[in-house]
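Taken in order, the sequence shown gives residues 1 to 256; the numbers are from UniProt numbering.
Ideal placement from N, C-alpha and C gives every residue a C-beta, glycine not left out.
Comments concern the structure below.
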Amino acid sequence: MSAGALPIERLVAHRGLRAYYPENSLEGIRAALDAGIMRVECDVQFSRDGVAMLYHDATLERVSGLPGSLRDYSCAQLVQLPAGEPSRLGGKFHAVHIHPLADLLPLLEAYPNAQLFVEIKPHSLTDVGARAAAEQLCALFADYAEQVVLISFAIEVVAWARQCGWPLCGIVLNTLDELASAPVIALNPDYIFVDQLLLDRAFHVANCALPAQWVAYEVADQAMGWQLIKQGIALLESFNTAALLAAPLNSHLTKR
């Protein structure tokens, strides 16, 4: 098995360059792109008034250090709230705030080779609904359809995106058994995201009937990454993509 730095083109920055910046922050996503990591995953929740927001959790405590949930607030209120992950990063990013998903558009314009995996969180669909969520995101990213992959654990929202004509869709698996389900087969996803903990050493992508590219998360080190590549995994998602790369890039990132 190979060892050493992984190819940068195989890496996906999980919620941006999270090892150094608040997750799902514009700063962290831009830092990943600046470092040459051109594939980035981010998350979507919805505000009380149904606007897509760049945020992972349904509640505000972990990322914003506040009580309550996103759906307690309108978009106009949420953009005034912090998102600097104080429990993990202290006060270093006290000026970082919650952003609507639309604020990613300038980054897509500035980095035409970037690919964004936008994960729609299932619990965010309770109020807004799968169809409305899919239609909103398809309209938002209409000018960047070749750069944006819409993904979710909730296959119904991805299926709606496909019905809207969205070209690049993916699913996030809860179990490998889902691969045999009628909805997944009908969707014929372009990407399949899977927790690497679900894959034993006997697994190989070649044994999957669906012609999708596989993305494994959470990849912690180079040895794990090379093993997954050996098993046919196309892309490797990590909170600390810098640790998977060569020393010069690591050195650059730790100085930021």
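- Message: Rounded to the nearest angstrom, what separates L17 and G90 at their Cα positions?
- Response: 17 angstroms
- Reducing DSSP to helix, strand and coil, say where T241 ends up. helix
- Message: Can you tell me which residues form a DSSP beta bridge with E119?
- Response: D43 and I151
- Message: If you reduce the DSSP assignment to three classes, tell me which class Y144 lands in.
- Response: helix
- Message: For a cutoff of 8 angstroms on Cβ pairs, would you count Y55 as touching chain C?
- Response: Here there is only one protein chain, and chain C is not present.
- Apart from the five residues on each side of it in sequence, which residues of its chain come closer than 7 angstroms, Cβ to Cβ, to P7? none
- Message: So if DSSP puts Q80 in a beta bridge, which residue, or which two residues, is it bridged to?
- Response: DSSP output for Q80 lists no bridge partner at all.
- Go ahead and pull the three-state DSSP assignment for M224. helix
- Task: State the Cα-Cα distance for the pair A52 and F46, rounded to the nearest angstrom.
- Result: 5 angstroms
- Alpha-carbon spacing of D34 relative to A95, whole angstroms: 21 angstroms
- By Cβ distance, which residues of its chain are closer than 8 angstroms to V194, with the 5 residues on each side in sequence left out? V172, L173, L176, W214, V215, A216 and Y217
- Give the straight-line distance between the Cα atoms of S64 and C169, rounded to the nearest whole angstrom. 30 angstroms
- Task: Tell me L11's beta-bridge partners as DSSP assigns them.
- Result: L236
- Query: Going by beta carbon distance, what residues of the same chain come within less than 8 angstroms of K92, once the five residues before and after it are set aside?
  - Reply: G84
- Do you know offhand how far A242's Cα is from A220's? 10 angstroms
- Message: Classify H99: buried if its beta carbon has 16 or more other beta carbons within 10 angstroms, exposed otherwise.
- Response: buried
- Task: Determine the DSSP secondary structure at V157, reduced to helix, strand or coil.
- Result: helix
- Hey, how far is the Cα of S74 from the Cα of Y20? 29 angstroms
- Message: Our contact map puts F239 next to H97 with C-beta atoms below 8 angstroms; I'd like the distance itself, whole angstroms only.
- Response: The Cβ separation is near 21 angstroms, so there is no contact.
- Which same chain residues, not among the five before or five after H204, have their C-beta less than 7 angstroms away from its C-beta? Q231 and G232
- For F153 and P122, believed in contact at Cβ under 8 angstroms, the rounded distance: 5 angstroms
- Message: My output table needs one value for D195: the three-state DSSP class, helix, strand or coil.
- Response: strand
- Query: So, residue 274 versus L54, is the Cβ gap smaller than 8 angstroms?
  - Reply: Given a span of 1 to 256 for the chain in the structure shown, any question on residue 274 remains unanswerable.
- Task: Select from P22, Y111, I29 and A139 the residue whose C-alpha is nearest the C-alpha of S87.
- Result: P22
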